[in-house]
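Residue numbers (our numbering): 381 to 541.
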Amino acid sequence: MKKKKGKKEIVVVVSGGFDPLHVGHVRLFREAKKLGDKLVVVLNNDHWLRKKKLHVFMPDHERKEVIEALGMVDKVVLTSHPKNPKDMSVCSELKRVKPHIFANGGDRNKKNIPEVPVCNEIGCKMVFSVGRGGKMQSSSWLLADYLKRAASAKKRETRIA
């Protein structure tokens, strides 16, 4: 997308663990990109995932490479969360990137994200229900369903043998 002469490029940020990446994430990225000129994905690192989900399915460097390969994504910023972080927000990354828009998926709102004060401080507009509204899919749901089906298949194999 070409910017008009003299106009600033509108930078949009989305954030998440994206582990594993699924169609809901792709739709979030696609819709968020339409809100501006550049899309920056703030990717939560492995320390964040271990604290939040207790496991990592794909290491952060692999998730970063996959997301960078998507045409609508202009840049991926990996979070700097330390091991066992107390602050689970992406506030420091928002302060660093200084986006015009912080786009969030359908399961987020001003009441359940810790980034509201930072967005107010840096003048970043928050947009919610991006990517077809509502939470349509979850990495955790996908992994749980896969493990359930794998366990069932294993039981069937054991009975047959």
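The C-beta atom is built at its ideal place from N, Cα and C for all residues, glycine as well.
Just so it is clear, the structure is predicted and the values come from calculations on it, not from any experiment.
When secondary structure is reduced to three states using DSSP, S395 falls in the strand class.
DSSP places F482 in the uninterrupted beta strand (DSSP E) bounded by 481-483. Scanning the region 467-509 for uninterrupted beta strand (DSSP E) segments of 3 residues or longer gives 481-483, 505-507, listed from N- to C-terminal end. Counting every other CB atom within 10 Å of its CB across the protein chains shown gives H435 a total below 16, marking it as exposed. Beta-bridge annotation (DSSP): L419 is paired with V392. Below 8 Å, enough C-beta pairs join the region 436-452 and the region 406-420 to call them touching: three or more.
One alpha carbon belongs to N425, the other to V498, and they sit about 20 Å apart. In this structure, DSSP gives K455 an extended state, which the three-state scheme calls strand.
H441 counts as exposed, since fewer than 16 other beta carbons sit within 10 angstroms of its beta carbon. The alpha-carbon separation between G511 and I481 amounts to approximately 15 Å.
The beta carbons of P479 and V420 sit about 6 Å from each other, so the pair counts as a contact at 8 Å. Closest option to R443, judged by alpha-carbon separation, among E389, L423, L474, K418: L423. For the set K414, K432, G416, the Cα lying nearest the Cα of D399 is the one of K432.
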